[in-house]
Amino acid sequence: MRNGRGNYDFAYAGLGALINFATATSADGGRQITASPISESVPGVDRQWNVFSSDDTVFLSYNQVFPRAITVQKSTDAGLTYGTPRVISPNPSFPGPIRALPPSDNPTNNGKPVVYYPWTQGNNVRLAVSLNEGRNWNNCTAATTQGEPGVLFPVADHDRDGNIYLVYGDEADFKIRMTTLRVGRLPNCNGGTDAGNPRLKDNPGFTAPVVVDRDKVRTAVFPWIAAGGAPGRVAVAFYGTETSGRADSPSPKTWNVYVNQSLNALSSDRTFSQVKATTHPNHYDQICLFGLACSTGGDRSLVDFFAIDYNPENGEVAVVYNRAHKRPGDAAGLVSSSIVFHQIAGPSNKGGNVRRNEPAAVRTSSNDPTGDALSDYSSLFPAGPKGTRNNVPAADFVSHKIGAQKDFGTDPDGGFTVTMKLDDLSNTALTTALAETNPPSGSLLWIFRFVDGYRYAAASARWNPAQGFSYGFNGYVGSGGECGSAQTPNDGDQCLYYPGNTPLQGRVNQEAGTIEISVPRRLLTELVGSQGPGRTPDEIPARPGARIYTAAAFSVGNASPAPGVQSFLLPLDNTPAMDFRLPR
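Right, here's the structure in full:
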């Protein structure tokens with residue numbers, strides 16, 4: 007909801023060494039941020055979530071380590087400071103995200119928002135709810151599982167009428183399940199906040215759980231649900247594999263991202279469809295589910311957050327997940343990179359269908375609108391004028407296009423040539439681009455990045471005023487420690503690098519605004535073989551017609567004038583990602 011200034015408020019709570027939270031708020035879309043070093047919570051905290059219930063009221067929920075409990079605090083200044091911590095849910099395993107219903111959906115008609123969150127305890131999935139915007143709280147039971155519901159967080163969401171949909175996993179069979187509660191039954195959740203209250207075990211009317219994952223998926227983790235639209239319409243995203251067994255075992259597995267939809271989730275015979283949303287494997291083998299305990303022998307490289315959300319304006323859902331550049335047999339992944347995709351077709355949570363005029367996933371080119379290479383968008387503005395952000399024409403992509411490899415001619419059995427078209431590559435535009443970033447850049451990079459077998463690779467063009475343009479290729483390169491530390495192909499702490507240390511042929515037409523880079527096939531690999539039960543694909547030298555995945559162009563500023571010396575790179579623009587096939 008918008009505040010009195012017509013903006014959406016932002017609230018932030020950041021965890022510091024499991025001790026306390028730093029909190030912050032913005033009333034103008036992030037242009038100015040007011041911060042507090044502590045959230046007035048007790049020492050020893052983890053797993054925080056927050057939600058707005060009105061334009062200035064924010065609830066912060068989290069795990070309190072000792073005594074173990076889910077604690078809730080309320081802010082009335084849009085998330086800057088919080089009131090006294092209140093223990094709401096006793097002895098939990100995991101808290102799920104906290105949500106809020108508008109007053110119009112409150113079944114008691116008291117004019118107050120409803121605040122709720124799911125949580126787990128032993129073999130039980132619980133719900134905590136306040137029908138009067140945090141004054142009183144109650145807990146109750148939504149479902150009981152065979153094993154622990156520990157495939158990470160339970161997640162709940164509501165439709166436009168206030169009906170609640172809750173998803174969770176079960177370690178007995180690593181299946182994702184959903185249960186629903188009609189909004190009129192929320193007052194039946196009346197188990198108080200005391201661990202000894204016998205009504206804590208009562209089910210207020212949640213339906214019998216239904217399995218969400220299906221078809222060839224045998225093990226699923228990290229469920230997240232999005233409702234928000236028409237009653238009965240929901241989408242559930244998760245990581246899934248065709249291999250049976252524990253997700254946290256190191257046995258061979260191939261993981262993909264799935265999005266399953268139900269159009270009748272409130273019916274007794276509710277059903278789900280299933281879509282594999284990723285076009286290539288996202289992860290291999292183990293996904294550790296033990297939080298901090300994963301640091302001693304477990305793979306937590308995907309980190310713990312994986313979400314889906316619904317956009318009520320266009321009726322689409324969008325998913326954000328992580329890719330950790332892991333190869334089959336590796337003990338763990340490396341740098342975790344966030345990826346976002348959105349719905350382009352199929353049923354909408356809003357009702358009806360999503361219809362986007364989108365190109366095919368496998369194609370030879372991607373177009374990009376001009377005017378969106380903004381700098382710098384990550385700095386705050388001082389109090390007073392809103393300030394401006396400038397478009398950077400030398401970094402502003404118009405398109406990228408794939409063709410046969412060019413070596414001053416065409417090699418019919420070669421790799422590929424990528425042509426990146428920019429709005430303006432004149433000397434004036436290039437020099438201006440260096441000054442537009444914050445801090446100013448010493449060099450510019452145009453990076454064409456793609457998944458080369460198991461990991462990212464990149465062909466890049468680099469420019470600085472002294473040396474002009476150069477071109478290079480590199481496979482996966484990460485930072486050995488913090489950004490700016492040593493470059494390594496077998497490690498990754500915080501940053502990806504694009505040193506381009508294998509020279510490539512390329513050319514620039516500054517008048518036309520084009521950069522061409524040729525990538526020989528000998529540098530490329532492809533994935534072949536089964537992703538079925540107990541299997542992972544093989545990586546082999548790329549052949550003509552091989553499918554290359556998730557290819558996109560990026561423009562960045564680099565603080566160093568030496569293009570291969572990199573730390574934090576300053577992003578300016580990118581083209582839409584696509585898959586393509588090596589020209590034959």
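Letter 522 of the sequence shown, counting from 1, is numbered 528 in the working numbering, and no numbers are missing.
The beta-carbon is built from N, C-alpha and C at its ideal position, and this holds for glycine as well.
Once DSSP output is grouped into helix, strand and coil, what is the label at residue i?
i	result
R224	coil
T147	strand
N203	coil
N433	helix
G352	strand
T277	coil
N194	helix
V173	strand
D254	coil
G390	With a pLDDT of 44 at G390, under the threshold of 50, the predicted position of this residue should be treated as unreliable, and no value is reported.
T494	strand
D111	helix
A439	helix
P399	helix
V346	strand
V218	coil
V157	coil
V571	coil
V189	helix
Q633	The structure shown does not extend to residue 633, since the chain is modelled only from 7 through 590, so no value can be given for it.
T260	strand
N470	strand
So, for residue i: in the same chain, excluding its five sequence neighbours on each side, which residues have a beta-carbon less than 6 angstroms away from its beta-carbon?
i	result
P567	G448, S449, N470
V341	G484, G498, L502
W452	M426, A467, I521, S561
N372	The amino acid occupying residue 372 in the given sequence is Ser; Asn does not appear at that position. The answer, listed in chain order, is H406, T581, P582, M584.
S476	R468
Going by Cα to Cα distance, which pick from the options is closest to residue i?
i	options	result
T531	R461, P539, A492, F475	R461
A463	F65, N433, G481	G481
V189	D176, G211, N196, P204	G211
V51	F16, V93, R37, S42	V93
G89	T302, R105, T63, T581	T63
I350	N288, A337, N317	N317
T213	L272, V281, A233	L272
A400	S432, S344, M584, G551	S432
G519	G20, D430, F574, K332	D430
S257	I76, N142, G540	G540
S47	K207, V78, G197	V78
S250	T225, V265, V131	T225
Y68	A84, G102, S307, I44	G102
W55	I170, A162, R205	A162
K80	A241, Y245, F65, V71	F65
So residue i packs on residue j, CB below 8 angstroms; how close in whole Å?
i	j	result
F403	D374	4 angstroms
F586	I408	5 angstroms
V217	A253	Going by Cβ atoms, the distance from V217 to A253 rounds to 16 angstroms, so no, they are not a contact pair.
F278	Q267	7 angstroms
I182	P229	4 angstroms
G421	P526	5 angstroms
A243	F347	The Cβ separation is near 10 angstroms, so there is no contact.
T126	P98	7 angstroms
T30	T40	In the sequence as presented, Thr is not what sits at residue 30; that position holds Ala. Sure, about 6 angstroms apart at Cβ, within 8 angstroms.
S110	V120	Not quite, the Cβ-Cβ distance comes to about 10 angstroms (not below 8 angstroms), so this is no contact.
Can you list, in chain order, the residues of its chain with a C-beta nearer than 7 angstroms to that of residue i? Leave out the 5 residues immediately preceding and following it.
i	result
G459	T531, E532, L533, E545
N13	A33, D34, G35
N138	N116, K118
A465	V424, F454, F479, L510, I523, V525
D413	Q511, S524
G20	F27, A28
S344	V326, N328
E177	G153, E154, G156, V157
Leaving out five residues on either side along the sequence, give the residues of the same chain with a beta carbon under 8 angstroms from the beta carbon of residue i.
i	result
N129	T150, T151, Q152, G153, E154, P155
T508	G478, F479, N480, L529
D378	N397, D402, D579
R8	Y14, D61
G390	Low confidence applies to G390: its pLDDT is 44, below 50, so where it sits in the model is not reliable enough to give any reading.
Q537	E248, T260, N262, P287, P543
N359	A351, G352, P353
Q239	Reading off the sequence shown, one finds Arg at residue 239, where the question assumed Gln. Closer than 8 angstroms at the Cβ level, and outside the excluded window around R239, lie D165, A233, Q267, S268, L269, A271, P353, S354, N355, K356, G357.
For residue i, would you say it is in contact with chain C, using Cβ-to-Cβ distances shorter than 8 angstroms as the test?
i	result
K207	In summary, chain C is missing from the structure at hand, where a single protein chain is found.
Please give the ranges of any beta strand (DSSP E) in the segment 283 to 322, keeping only runs that are unbroken, at least 3 residues long and fully inside the region. Considered as a whole, the segment 283 to 322 harbours 313 to 316 as its complete beta strand (DSSP E) runs of no fewer than 3 residues, in chain order.
Residue ranges of each beta strand (DSSP E) run of no fewer than 3 residues wholly in the segment 11 to 89, ordered along the chain? Entirely contained in the segment 11 to 89, the beta strand (DSSP E) runs reaching 3 residues are, in chain order, 16 to 22, 26 to 32, 40 to 42, 51 to 58, 64 to 70, 75 to 81.
Taking the runs of the beta strand (DSSP E) that are 3 residues or longer, which of them lie wholly in the segment 497 to 565? You should have 511 to 515, 520 to 525, 531 to 534, 544 to 547, 553 to 564.
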